[in-house]
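Chemist: First, the structure itself, so that you have it in front of you.
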Amino acid sequence: MTKNIEANIVQPLEASENYRDGKFHNATPKSKPSFGEMMYVLKRYITEKKIDPEPKNGLPIQQVTRAQLDALSDDELHLVKLGHSSILIKANGEYWLIDPVFADRASPFSFLGPKRFQPTPITIDELPPIDKVLISHNHYDHLDKAAIKKLIGKTKQFLVPMGVEGDLQKWGADKSQVTRFNWWQELKVGDTLFAFTPSQHFSGRGLGDGNTTLWGSWVIQTAGKSLYFSGDSGYFDGFKKIGEKYGPFDLTMIETGAYNEDWPDVHMFPKESVQAHIDLRGVTMLPIHNSTFDLSFHPWYEPLKRVTVEAEAQGVKLTTPIVGEVFTVDKASDGAWWEKYL
């Protein structure tokens with residue numbers, strides 16, 4: 087199942103067992119929504135009145151400086167939640183970014199689309215040199231064109247799903263900077279392993295490019311810690327397979343937000359997010375993909391409230407840092423900060 091990235095880096099998209107008829111497919115095929123179902127969801131977006139889709143007051147944030155990051159020890163693994171699903175990691179003296187989105191809107195337009203509830207705690211210009219940027223898929227709330235263009239000059243290597251390398255190269259990245267992955271491909275760098283693993287989702291940035299690039303999740307194993315990043319996914323048996331192969335994980339970063347009964351196959355409800363963490367054999371769970379953009383019909387705070395209840399019921403340890411808070415896997419934050427902003 088596992089494939090070394092060095093042996094497959096030049097293989098065409100057709101080499102992927104999930105690529106057929108010009109499209110990538112989930113391991114377990116899901117029925118496509120009908121035209122009527124899509125029109126129904128669109129009607130909901132236009133006509134349905136939402137309850138608390140965004141905070142009434144500013145959310146808590148801790149600004150992060152370059153000096154603060156550089157002062158962090160090299161013998162611990164440090165993380166910073168930058169908002170939504172964007173994570174900054176410092177490990178072994180290197181900096182890694184996962185799904186860095188700094189744009190004001192999760193949209194192809196600067197004037198239209200879901201707007202951030204709060205800014206990022208640090209700008210791209212203030213970031214230290216980045217060794218690796220990891221991308222899960224090409225949706226606008228995970229792949230930020232403007233951010234990538236700024237990061238190109240200060241990033242050593244981009245790790246991306248199959249097909250996404252085309253966008254990065256079009257935006258100015260050198261071909262040598264970008265390494266593309268199929269599911270289960272691994273890259274070993276010293277004592278660190280990066281593995282691209284399946285998720286159940288889809289891709290696309292426009293009307294005609296649906297599923298022409300791959301989507302997935304990331305496993306990061308260092309000499310001391312093991313991390314999992316879900317990207318976006320519906321609940322599926324792949325979590326158990328990943329847990330069996332790479333688990334246990336000291337920290338799982340699991341999508342918890344933007345769920346709805348109209349698209350249960352591609353986004354998890356909080357109860358499923360906790361179950362995914364259990365399937366992965368995780369120790370501590372960080373709920374991501376929430377409290378930054380209005381991407382569904384639920385209140386902005388609902389994902390964190392519901393996942394907290396479910397985690398307590400299942401005996402799962404959560405970490406819920408505010409944006410910009412520096413934390414380690416062993417010293418996680420467990421405060422219900424959102425309760426003060428309801």
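Mapping of the sequence shown onto my numbering: residues 87 to 428, in sequence order. All C-beta atoms, glycine included, are put in the ideal place defined by N, C-alpha and C.
Consult DSSP for S312 and reduce its assignment to one of helix, strand or coil.
Modeler: strand
Chemist: Can you look up A344 in the DSSP assignment and give me helix, strand or coil?
Modeler: Note: A344 maps to coil in three-state DSSP.
Chemist: So the candidates are K261, W257 and F282; which of them puts its Cα closest to the Cα of W269?
Modeler: F282
Chemist: Taking only the alpha-carbon atoms, compute the straight-line gap between T206 and G169 and give it to the nearest angstrom.
Modeler: 6 angstroms
Chemist: List the whole-angstrom C-beta distance separating W304 from S222, where the pair is believed to meet the contact cut-off of C-beta under 8 angstroms.
Modeler: For a cut-off of 8 angstroms, the C-beta gap from W304 to S222 is around 7 angstroms, short enough to register as a contact.
Chemist: Since Q148 and E425 should fall inside the 8 angstroms C-beta cutoff, what is the C-beta to C-beta distance between them, to a whole number of angstroms?
Modeler: About 18 angstroms; that fails the 8 angstroms criterion.
Chemist: I need the boundaries of the beta strand (DSSP E) containing H164, first residue and last residue.
Modeler: H164 to G169
Chemist: Whole-angstrom Cβ separation of G368 and Y314, contact assumed at under 8 angstroms?
Modeler: Right, the Cβ-Cβ distance comes to about 7 angstroms (below 8 angstroms), so this counts as a contact.
Chemist: Give, in chain order, every unbroken run of the alpha helix (DSSP H) that is at least 4 residues long and sits entirely within the region 203–237.
Modeler: 231–237
Chemist: Checking the sheet assignment: what are the DSSP bridge partners for A281?
Modeler: E272 and V305
Chemist: Measure the C-alpha to C-alpha separation of M70 and S289 and round it to an integer number of angstroms.
Modeler: The structure shown does not extend to residue 70, since the chain is modelled only from 87 through 428, so no value can be given for it.
Chemist: For R191 and E180, what's the separation of their Cα atoms in angstroms?
Modeler: 29 angstroms
Chemist: Please report the distance separating the alpha-carbon of A418 from that of F195.
Modeler: 36 angstroms
Chemist: Leaving out five residues on either side along the sequence, give the residues of the same chain with a beta carbon under 6 angstroms from the beta carbon of Y105.
Modeler: L99
Chemist: Could you check the C-alpha separation between S159 and M339 for me, to the nearest Å?
Modeler: 22 angstroms
Chemist: I'd like to check one pair, L372 with L165: are the Cβ atoms closer than 9 angstroms?
Modeler: yes
Chemist: Return the Cβ separation of E140 and W423 in integer angstroms, given the expectation that the two are a contact with Cβ distance under 8 angstroms.
Modeler: With a Cβ gap of about 16 angstroms, E140 and W423 do not count as contacting.
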